[in-house]
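In this text, residue positions in the sequence shown follow the UniProt record's numbering: the first is 1, and each later residue adds one.
Reading through the structure tokens given below for one structure.
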Amino acid sequence: MASSTSFPDPRSKKPLGKMADWFRQALSKKPTTTHVSPENRPSDISQSSSQDSPPPGPSSEVSPTLPPTHMGADSSSSGRWSKDYDVCVCHSEEDLAVAQELVSYLEGSTSSLRCFLQLRDATPGGAIVSELCQALSNSHCRVLLITPGFLQDPWCRYQMLQALSEAPGAEGRTIPLMSGLSRAAYPAELRFMYFVDGRGPDGGFHQVKEAVLRYLRALS
1 MASSTSFPDP
11 RSKKPLGKMA
21 DWFRQALSKK
31 PTTTHVSPEN
41 RPSDISQSSS
51 QDSPPPGPSS
61 EVSPTLPPTH
71 MGADSSSSGR
81 WSKDYDVCVC
91 HSEEDLAVAQ
101 ELVSYLEGST
111 SSLRCFLQLR
121 DATPGGAIVS
131 ELCQALSNSH
141 CRVLLITPGF
151 LQDPWCRYQM
161 LQALSEAPGA
171 EGRTIPLMSG
181 LSRAAYPAEL
191 RFMYFVDGRG
201 PDGGFHQVKE
211 AVLRYLRALS
């Protein structure tokens with residue numbers, strides 16, 4: 001006699017089994033990750049750093065600009081450029097040729113001294129007194145070309161006294177260059193300082209140049 005208990009149809013288990021298999025496969029799968037190749041990383045990093053970093057400033061390796069050299073070792077004297085001239089040559093009218101030779105020698109040397117020559121550098125139409133005083137005050141050194149003509153010229157004597165009054169204690173600033181005179185004729189106002197003897201082969205020009213350079217070096 002057949003039992004009254006009924007069992008479900010075995011075919012009804014197939015849908016449940018398929019769902020179980022689908023869950024098992026879904027759970028067994030690992031989350032996918034995006035792999036970045038090493039080749040791409042440096043470019044990304046450099047790109048981001050270039051975007052974040054500020055623009056580069058001026059290079060610190062640029063060598064400093066050196067100041068121009070005007071007179072060799074003496075160019076370090078910054079005080080030299082505080083005046084327009086290094087030397088003011090004071091001379092009489094009859095000694096113009098000798099004064100021009102002295103100026104040419106000083107300006108043509110390796111030191112390139114800046115000289116004031118009245119006939120060449122004085123302002124046309126300017127008052128003689130103001131031009132002479134301005135030439136003295138704008139020059140570091142004053143070369144007095146002491147000759148018979150210098151002693152007889154009132155303007156030369158005025159320049160000599162003006163130079164002494166402006167810098168009575170400035171040792172080496174006033175440089176007497178005596179030529180054609182005996183020691184007895186040397187002006188009494190200048191006897192407290194040595195003079196350059198112009199009877200040498202070069203007329204004392206070399207000694208005058210060295211005296212000027214010595215004074216300019218002392219300015220540093």
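Ideal Cβ placement from N, Cα and C applies to all residues, glycine included.
Asked, Found
"The alpha helix (DSSP H) spanning proline 148 covers which residue range?", "148-152"
"Quick one: is serine 220 buried, meaning 16 or more other Cβ sit within 10 Å of its Cβ, or exposed?", "exposed"
"Any idea what DSSP makes of tyrosine 85, helix, strand or coil?", "strand"
"Go ahead and pull the three-state DSSP assignment for methionine 160.", "helix"
"Alpha carbon to alpha carbon, what distance is there between proline 201 and serine 137?", "32 angstroms"
"Return the bridge partner residues of valine 143 from the DSSP annotation.", "Val89, Ile175"
"Just confirm the distance between the C-beta atoms of isoleucine 175 and arginine 142, as a whole number of angstroms; I'd bet it's less than 8 angstroms.", "7 angstroms"
"Skipping 5 residues on each side, what residues in its chain have a beta carbon closer than 8 angstroms to that of glutamate 101?", "Gly203, Phe205"
"Going by beta-carbon coordinates alone, are glycine 149 and glutamate 94 separated by less than 7 angstroms?", "yes"
"Let's see if you can read the secondary structure: which residues bound the alpha helix (DSSP H) around phenylalanine 205?", "205-218"
"Among residues of its own chain, excluding the 5 on either side of alanine 184, which ones have a beta-carbon nearer than 8 angstroms to its beta-carbon?", "none"
"I need the DSSP call for aspartate 95, collapsed to helix, strand or coil.", "helix"
"Give a yes or no on whether the C-beta atoms belonging to histidine 91 and alanine 99 are separated by under 7 angstroms.", "yes"
"So if DSSP puts phenylalanine 116 in a beta bridge, which residue, or which two residues, is it bridged to?", "Cys88"
"Could you give the first and the last residue of the continuous alpha helix (DSSP H) run that contains glutamate 189?", "Neither: glutamate 189 is in no alpha helix (DSSP H) and is coded neither H nor E."
"Judging by CA-CA distance, which residue of Val212, Val196, Val87, Arg191 is the nearest neighbour of glutamine 118?", "Val87"
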